[in-house]
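In the working numbering, the protein residues as written are 9 to 106.
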């Protein structure tokens, strides 16, 4: 990605972003983890996290799913993605099979 990067220095904004991200990705899990960032321990961890935002100007990507592996290994990956609760996993299989 190319763009303008800005460091987030507001601790509360960082906590909100982390909680929002965790809730989004954990929501599809059988027992979702909840980010509770209001205790002394996690407050200390926040001092070691650097958050940033990027105003994206350009995206370059490469589509590669290790096609150089054996057909059996490719099938194992496809089956794993089909049964994964992870957000977007099934869409990868659908796109790859088209």
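All C-beta atoms, glycine included, are put in the ideal place defined by N, C-alpha and C.
Owing to the predicted nature of the structure, the values given are computational and were not obtained by experimental measurement.
By how many angstroms is the C-alpha of residue 41 removed from the C-alpha of residue 16? C-alpha separation (whole angstroms): 24 Å.
How would you write the range of the alpha helix (DSSP H) that residue 31 sits in, first residue to last? Bounds of the alpha helix (DSSP H) holding residue 31 are 19–34.
Own chain residues within Cβ distance below 6 Å of residue 45, not counting five before or after: Spatial neighbours of residue 45 in its own chain (CB-CB distance under 6 Å, excluding positions within 5 residues in sequence) are listed in chain order as 23.
From the DSSP output, in three-state form, read off residue 44 for me. Shown here, residue 44 sits in coil according to DSSP, grouped into three states, outside any helix or strand.
Spatial neighbours of residue 34 within its chain, please: CB distance less than 7 Å, with the 5 preceding and 5 following residues excluded, ordered by chain position. Excluding sequence neighbours, residue 34 sits near 40, 41.
Measuring CB to CB, does residue 11 end up less than 8 Å from residue 64? Going by C-beta atoms, residue 11 is nearer than 8 Å to residue 64.
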